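Here's the structure, in structure tokens; my notes come after.
Protein chains in written order, with the numbering used here: chain A, 1 to 718; chain B, 1001 to 1082.
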């Protein structure tokens, strides 16, 4: 029998990860006062619809660029992509390079002029002008729903993270943050959201940059950090331990890398489909730059955004990599973090998402920790504000005005925008509370973006570059691609033969146990667990009761006269031997009466008379948390594909389908006359003459410089 | 009608950074006399580092203060014609 110790050292998960001092609370409180003050101050400048929804269209390039990049640099982003770097290594940096800076440059040079010149209020607004109300209505309604849903999810995530990290009350976190956002967005509109995004940009950088600086000093420099990572991944990621975690491209020739993806999936999935889709057609992003004072400022602002995007790996990817090198247990072995859906998560092990907070706790003392936590809260709040202001714009201009109340006064739409902002916050709070009870919805919300953004990009880019593209083509291409995207998602999560979660045994809180052959607190091996008293929950584990020929699979019972036993290993239908996972998050040792916490695979368990058992026999035919490897092979071209790789390939096929259907339908339907496409399509759009400018104000110059730097980074870290 | 001049966002940023810088320097100086748990742990696990590694509050606080002061002076509402 093989017994695998789950933790390199089974150290208990602390109740809270970070401890704030009074000075840290003062720093957080000052932030709230300042953002509220900004909201009240800016109210006097939001007097018209143009002021409220488009910030008066007078943003400078720097403000537009910082706001553009900041709207995306939320705490979910920084924590999530640090976790990705911990899970997938340096490959995670592609999110900021081929899937970040490159599409942003494309937006600046190719797409932005069309958005800007047609004076649209939003991306659905562009669709309305280019294709008519069909595709625009789908986009407007879906986008409005998505923004508030994502905003609520962000609020829920913030409350949950602050609760886990600092033990703050979730209700208080949600209400204080939401009400603050409601006040400053309702008062100041987009300009208030943009001000706070720029503020948040500085807070995020100044609150996070110390972690890579101190971490790299601690790790002994870059080269030593990389060498330590390759050593540590043997313990941390044993299933992919033979792969290279430290490079951007040289491990993408095959699927043998931490992400299980090849260069085709990376370039066309993460790069073209997701990256271009997100950065070029997500209205939350595009809104930040189409409000610039002129086209040149809009383009330069976007290029500034691309340059800054390339720097984000410093505060996101490097901390994730540092997590693999410098996070250790008390006696020096590497700390093993696990995925959120791992049964050990938050019981015996911290999760990937904790990598950034763990580093904050390791390096940031009083004052700096307050700044780090403030940056995190600011990131969540500005993310919510960005979504709410985008919701108010799309609702008012793309749903309310064309479909419900045309030709009202500007004052009417301004009031509607203020009301919609408030409504957006209220719906967000409702969504956040819904997630308290249906947390699985979070997974659906995350993939919603993939369902919607990639098809939108296909339709918009064809509409901009090909004047033959017809309204019918746009509508059917968009709809077909959304349906295909949803269909592929369902397909990879469907199990016609049934998916049986791996067998596990969870010892209830307060159960009294005896451990044979050693304790685990120092990493010693346990060979058997005897449960003396308490409750035990099992999933897909047969329970052998004394005197019975067949084991019990499901039901509840009280062990009566003689011991019952649970096997250490189960034989699956395929003949594969699967070790039973035993988790004891909060038990008491029978001999010493001391509390203990452990988790192991392949461990036999004996249940003494008096122990209560709740046994479940679970087979799922559709499971959003699991991927059907046989099905994913058809989509992601490999059974090695990790979830990220499957999503990337789904995006590729979605984009291909969108382009093919849009082109096909357009070829057999009637296009709009040229006169109706003026300022909307390449060849029918004249670039405005904005007068002469100095050489350093030319967008093409800076776009070229940023592109060259991007290429250099990819070569250096090849 | 006279249009009211808007205070640039840079001034708000400068003000906030200035306040934060001063508070963080003070916390760092306090930490010299009363070492925090973070500092004690770092000294235990990595005893051979320089002063800069153990006391980032002080030099980072100065950096914030300098940045904040510059922005306040450059973009404050008392500046005319910017």
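Glycine residues also receive a C-beta, built at the ideal position from the N, C-alpha and C atoms.
Keep in mind it's a predicted model, so treat the numbers as computed, not measured.
Taking 8 angstroms as the CB-CB limit, is residue i close to chain B?
i                      : result
residue 195 of chain A : yes
residue 30 of chain A  : yes
residue 63 of chain A  : yes
residue 18 of chain A  : no
residue 34 of chain A  : yes
residue 289 of chain A : no
residue 181 of chain A : no
residue 69 of chain A  : no
residue 23 of chain A  : yes
residue 38 of chain A  : yes
residue 27 of chain A  : yes
residue 521 of chain A : Reliability fails at residue 521 of chain A, whose pLDDT of 46 lies under 50, so the model's placement of it is uncertain and the value that follows must be treated cautiously. No, its Cβ sits nowhere closer than 8 angstroms to a Cβ of chain B.
residue 199 of chain A : yes
residue 45 of chain A  : yes
Assuming residue i and residue j are in contact, meaning their beta carbons sit under 8 angstroms apart, how far apart are those beta carbons, in whole angstroms?
i                      : j                      : result
residue 105 of chain A : residue 706 of chain A : 6 angstroms
residue 599 of chain A : residue 348 of chain A : 4 angstroms
residue 498 of chain A : residue 620 of chain A : 7 angstroms
residue 467 of chain A : residue 688 of chain A : The Cβ separation is near 20 angstroms, so there is no contact.
residue 200 of chain A : residue 428 of chain A : Not confirmed; about 18 angstroms, so no contact.
residue 583 of chain A : residue 369 of chain A : The Cβ separation is near 31 angstroms, so there is no contact.
residue 803 of chain A : residue 193 of chain A : Past the boundaries of the shown model lies residue 803 of chain A; chain A is included only from 1 to 718, so the question cannot be answered.
Would you say residue i reaches chain A, if we count a Cβ-Cβ gap shorter than 8 angstroms as a contact?
i                       : result
residue 1082 of chain B : The pLDDT assigned to residue 1082 of chain B is 45, lower than 50, so where the model puts this residue is not dependable; a value taken from the coordinates is nonetheless given after this. It does not: the Cβ of residue 1082 of chain B has no partner Cβ on chain A nearer than 8 angstroms.
residue 1032 of chain B : no
residue 1022 of chain B : no
residue 1044 of chain B : no
residue 1012 of chain B : yes
residue 1056 of chain B : yes
residue 1018 of chain B : no
residue 1076 of chain B : no
residue 1053 of chain B : yes
residue 1027 of chain B : yes
residue 1039 of chain B : yes
DSSP on residue i, reduced to helix/strand/coil?
i                      : result
residue 516 of chain A : strand
residue 543 of chain A : strand
residue 59 of chain A  : strand
residue 682 of chain A : coil
residue 596 of chain A : strand
residue 663 of chain A : helix
residue 260 of chain A : coil
residue 570 of chain A : strand
residue 234 of chain A : helix
residue 43 of chain A  : helix
residue 75 of chain A  : helix
residue 601 of chain A : strand
residue 499 of chain A : strand
residue 48 of chain A  : coil
residue 555 of chain A : strand
residue 533 of chain A : strand
residue 468 of chain A : coil
residue 576 of chain A : coil
residue 628 of chain A : coil
residue 717 of chain A : coil
residue 698 of chain A : coil
residue 587 of chain A : strand
residue 329 of chain A : coil
CB of residue i to nearest heavy atom of the ligand FAD: below 7 angstroms?
i                      : result
residue 158 of chain A : Here there are no bound small molecules, and the ligand FAD is not part of this structure.
Would you mind telling me which residues of chain E sit closer than 9 angstroms to residue i, beta carbon to beta carbon, in chain order?
i                       : result
residue 1069 of chain B : This model lacks chain E altogether; the protein chains it does include are A and B.
- Which residues, in order along the region 363 to 379 of chain A, keep a beta-carbon less than 9 angstroms from a beta-carbon of chain B? Hits within the stretch, in order: 363, 364, 365, 366, 367, 368, 369, 370, 371, 374.
- Task: Check whether the region 195 to 206 of chain A touches the region 348 to 364 of chain A, counting contact only when three or more Cβ pairs, one atom from each stretch, lie closer than 8 angstroms.
- Result: In the pairwise beta carbon analysis, the region 195 to 206 of chain A is classified as not touching the region 348 to 364 of chain A: fewer than three pairs are separated by under 8 angstroms.
- How about the region 224 to 234 of chain A and the region 396 to 407 of chain A: do they share at least three Cβ pairs that are nearer than 8 angstroms? The region 224 to 234 of chain A vs the region 396 to 407 of chain A: no contact.
- Determine contact between the region 375 to 383 of chain A and the region 157 to 175 of chain A, defined as no fewer than three beta-carbon pairs at a distance below 8 angstroms. A contact exists between the region 375 to 383 of chain A and the region 157 to 175 of chain A.
- Message: Counting only Cβ-Cβ distances shorter than 7 angstroms, please list the residues of the region 202 to 236 of chain A near chain B, keeping chain order.
- Response: Residues 202, 206, 210, 214, 217, 218.
- Task: May I ask you to verify whether the region 108 to 128 of chain A touches the region 286 to 304 of chain A, counting CB pairs closer than 8 angstroms and requiring at least 3?
- Result: Counting C-beta pairs with one atom in each stretch, the region 108 to 128 of chain A and the region 286 to 304 of chain A have three or more that are closer than 8 angstroms, which means they touch.
- Query: Is the region 301 to 309 of chain A touching the region 472 to 490 of chain A in the sense that three or more CB pairs, one from each, lie closer than 8 angstroms?
  - Reply: Touching, no.
- Message: Does the contact criterion of 3 or more C-beta pairs under 8 angstroms hold for the region 1013 to 1026 of chain B versus the region 1062 to 1074 of chain B?
- Response: The region 1013 to 1026 of chain B makes contact with the region 1062 to 1074 of chain B: 3 or more CB pairs, one atom from each, lie closer than 8 angstroms.
- Decide yes or no for the touch test of the region 383 to 400 of chain A against the region 359 to 373 of chain A: beta carbon pairs closer than 8 angstroms, at least 3 of them. Short answer: they don't touch.
- Message: I'd like to know if the region 608 to 627 of chain A and the region 532 to 551 of chain A are in contact, where contact means that at least 3 CB-CB pairs between them fall below 8 angstroms.
- Response: Segments in contact, yes.
- Task: Say whether the region 242 to 251 of chain A touches the region 82 to 96 of chain A, bearing in mind that this needs 3 or more beta-carbon pairs closer than 8 angstroms, one atom from each stretch.
- Result: Taking 8 angstroms as the limit for Cβ pairs, the verdict is that the region 82 to 96 of chain A does touch the region 242 to 251 of chain A.
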